[in-house]
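In this note's numbering, the protein residues as written are 54 to 291.
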């Protein structure tokens, strides 16, 4: 039987790489999309596409090309994202645009390119990686929370639009995860294993979403560490 094909954005490291590795283990052919892949071996990818999804001006054309080239893809998992955490007055307009463009606008544009084909074939999965910040705002997170709240609303609406055409839309919201996401932010999740998630936890959730029976949709999955601890002393660790 021919392997199913999945597109994963933000696939070069962190949660995106963990999802790519898990899907490859599950038998998927994974097309990884990220700004750069460096010297990383080809595995677990069947193909890699290097692009900056935050460059919105050229993204529509790129997304349509990718959808045409990967017309047999059965899943698109969108993990690419960025966080900038500071009081609003300390964020430049460019910082705000960067967060909102990559965390909200880009996923919408990429999904828009794949939805018509999924609807025509009456199957396909669109999975978005959100954040616990889509449920509860916090200080210094104005741009990030705005983008993640917006992503959650977009996914809920898209799920309704797509259901009658056999297309499943899901959102996975991880809490603080032990990845490089927090490097340079001034804070990080607690170091104890009960104080942070692992990237593989979100990968497991995505695997479950994609392996569910066709008529079953995980609308939204919220993941969090057993104990939520923010460590301000380790925020600059690699």
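Idealized CB from N, CA, C, for every residue including glycine.
Going by DSSP, residue 102 is part of the beta strand (DSSP E) stretching over 98 to 103. Here residue 162 has 109, 112, 113 and 116 as same chain residues with Cβ atoms under 8 Å from its own Cβ, once five neighbours each way along the sequence are excluded.
Residues of the same chain with a CB within less than 7 Å of the CB of residue 187, apart from the 5 flanking positions on each side, are 201, 202, 204, 205 and 226 in chain order. When beta bridges are read from the DSSP output, residue 276 appears opposite 227.
Cβ-Cβ distances below 7 Å link residue 194 to 138 and 186 in the same chain, with the five nearest sequence neighbours on each side left out; the list follows chain order.
For residue 168, the number of other beta carbons within 10 angstroms of its own is at least 16, and it is reported as buried. Take the alpha-carbon of residue 224 and the one of residue 273: they are about 5 Å apart. For residue 116, the enclosing alpha helix (DSSP H) has its first and last residue at 112 to 122. Between residue 170 and residue 124, the gap from beta carbon to beta carbon is short of 8 Å. For residue 283, same chain residues with a beta-carbon under 6 Å away, outside a window of 5 residues either side, are 240 in chain order. Residue 280 is not a Cβ neighbour of residue 252, given a cutoff of 8 Å.
Annotation for residue 69: the continuous alpha helix (DSSP H) segment containing it runs 67 to 78. With a contact defined as Cβ atoms closer than 8 Å, residue 268 and residue 197 miss out at about 35 Å. The beta carbon of residue 98 sits closer than 6 Å to those of 83 and 85, all from its chain and outside the five residues before and after it, given in chain order.
One Cα belongs to residue 243, the other to residue 276, and the distance between them is close to 16 Å.
If you check the CB distance, residue 128 and residue 62 do not come in under 8 Å. Within the model, the alpha-carbon separation for residue 151 versus residue 107 is close to 7 Å. Burial state of residue 160 is buried, judged by a 10 Å Cβ sphere holding 16 or more other Cβ atoms.
In the DSSP assignment, residue 130 falls within the beta strand (DSSP E) that extends over 128 to 131.
A distance below 6 Å between beta-carbons, with the five flanking residues on each side excluded, links residue 88 to the following residues of its chain, in chain order: 105.
A direct Cα-Cα distance of roughly 39 Å separates residue 100 from residue 141. Going by beta carbons, residue 153 and residue 199 fall inside the 8 Å limit. Look at residue 59 here: in three-state DSSP terms it is strand. Residue burial is scored here from C-beta neighbours: residue 261 has fewer than 16 other C-beta atoms within 10 angstroms and is therefore classed as exposed.
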